[in-house]
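Colleague:
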Amino acid sequence: MPVYQVEKMYGDEVLSCESVEDENPPKAAERIAGRPVSRRGLQPYWYRVVEEREGAIYEFSVAETRKDFAK
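The sequence shown runs contiguously to residue 443 in the working numbering.
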């Protein structure tokens with residue numbers, strides 16, 4: 373399995389960094405976030421995932437759940 377460097381970010385600031393061995397970049401980010409992730413939007417907290425072998429960079433944020441506005 374590939375090794376990814378997962379950085380928890382706030383804006384452009386790195387809050388923490390950890391190496392993770394997982395199947396793909398989203399799963400590596402989910403392992404660190406502890407929750408499902410989606411492609412990064414404009415959220416201030418997000419995760420940068422770097423595939424160490426290829427040098428590819430991916431950006432994710434915690435997936436937001438839909439709220440029932442009818443209640």
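Even for Gly, the Cβ is constructed at its ideal location relative to N, Cα and C.
Note that the coordinates shown come from a computational prediction; the quantities given were computed from them, not determined experimentally.
For I429, which residues in the same chain have their Cβ closer than 6 Å to its Cβ, ignoring the five residues on either side in sequence?
Modeller: Counting only Cβ-Cβ distances below 6 Å, and skipping sequence neighbours, we find V422.
Colleague: Would you mind working out which of A405, N396, E393, G427 sits nearest L387, comparing C-alpha positions?
Modeller: The option with the nearest alpha carbon to L387 is A405.
Colleague: Would DSSP call E424 helix, strand or coil?
Modeller: Three-state result, E424: coil.
Colleague: For Y419, count neighbouring C-beta atoms within 10 Å of its own C-beta (all shown protein chains included) and say buried if the count is 16 or more, exposed if not.
Modeller: Result: buried.
Colleague: Give me, in chain order, the residues of the same chain whose beta-carbon lies closer than 7 Å to that of V434; leave out the 5 immediate sequence neighbours on both sides.
Modeller: The residues are A405, R407, V409.
Colleague: Out of G383, E390, Y382, E385, point me to the one whose CA is closest to V375's CA.
Modeller: It is E390.
Colleague: Alpha carbons only, please: which of N396, R411, E436 is nearest the one belonging to Q377?
Modeller: With distances taken between Cα atoms, Q377 lies closest to N396.
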